[in-house]
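The structure appears below as structure tokens.
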Amino acid sequence: MRVFLLRNNAESGVYKLSQKEKNYLFRVLRLNVNDIFTAKDSHDIYYKAFLFDEDSITLEETDKPEDTLLDGLSSYNGPFTPITAFISVLKGKKNEMEVRALTEMGIKKIVLMETEFVQSPLSKHQMERFSLIIREAVQQSGSKEPELVGPLSFKEALTEVEGKLLILHQSAIGGTMKLSEAVKDLSQDSPLSFMIGPEGGFSDKECDEAVNNGATPVLLCTNILRAETAAIYTASSLQTLMQG
């Protein structure tokens, strides 16, 4: 379901709109003063929102958010496997595409890594941009906001692993499995992590370090994929496999 995502919690039930939020409500959604819709804050509390004037809305907490949705689109309301996606820093705007898609899918946590073959480090501006993209994706898809972490070194990233770790690689490693084989013994609510390397993949040293820390090496049964495509493919495949 599509809801209006509040950038912070309202005080005394009144929420002041930023210029960007006003543009979204009046120009994109084409709402009018006195319209009613559903809003949600960062604590996943839903509100019946009343567009009081051109600058503010009033909020009333509700346990029936579906009554005042912005549209008739419905989101999946069942449980998602708690998946953490470890993605390497990529060139240009490729990471933006990954972050948006992973958020829309309902991934629990996104960790950005500066691995050995990363060609350019992330800037503070780029991290701020990712936060904005996550917010827009949550508002569009109705998903829960994922935790965004990083950028971390590969070694630091290993400390953020939750549950079973899969490392997607491009070279022959002993004990390599298919994706379906690697998760066949896990329950739907088992935490799961996967790592995707940069252009050209992980170094042999990084692969060894991950395996020595308990990672299961996985080779996708696909054509050669770009790093950003591999992340989205893996996340969607894992969700499908774990949903049974």
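Counting with the working numbering, you get residues 7 to 250 for the letters of the sequence shown.
Note that CB positions come from ideal geometry on N, CA and C, so glycine has one too.
Closest residue to residue i among the options (Cα-Cα distance)
i, options, result
"E104", "K130, R141, V124, F136", "F136"
"K99", "T68, I139, S62", "I139"
"I42", "D73, F92, S129", "D73"
"L185", "E134, E205, A216, T246", "T246"
"N38", "D61, T240, D47, K161", "D61"
"A1", "K46, I51, E110", "Outside the modelled stretch of the chain, which goes from 7 to 250, sits residue 1, for which no answer is possible."
"D50", "G19, V144, K190, Q132", "V144"
"I63", "Y52, K97, K22, S94", "K22"
"K130", "P157, Y30, E187", "P157"
Cut-off 6 Å between Cβ atoms - residues of its own chain near residue i, not counting five sequence neighbours on either side
i, result
"K115", "T90, P152, E153"
"L164", "N219"
Alpha-carbon to alpha-carbon, residue j and residue i
i, j, result
"K70", "F86", "21 Å"
"L171", "F200", "6 Å"
"L79", "G180", "At L79, the pLDDT of 49 sits below 50, so the modelled position is not reliable; the number obtained from the coordinates is stated separately. Approximately 46 Å, taken between the alpha carbons."
"F92", "N40", "44 Å"
"R33", "Q25", "11 Å"
"A216", "L75", "44 Å"
"T175", "L225", "For the sequence presented, residue 175 should be read as His rather than Thr. Each residue's alpha carbon lies about 6 Å from the other."
"S108", "G203", "The identity of residue 108 in the sequence shown is Leu, whereas the question assumes Ser. Cα to Cα, the separation comes out at about 16 Å."
"S209", "E120", "12 Å"
"A221", "S243", "18 Å"
Beta-carbon proximity check, residue i vs residue j, cutoff 8 Å
i, j, result
"V155", "E142", "no"
"E168", "P223", "no"
Would you call the segment 224-235 and the segment 149-162 in contact, with 3 or more CB pairs under 8 Å?
no
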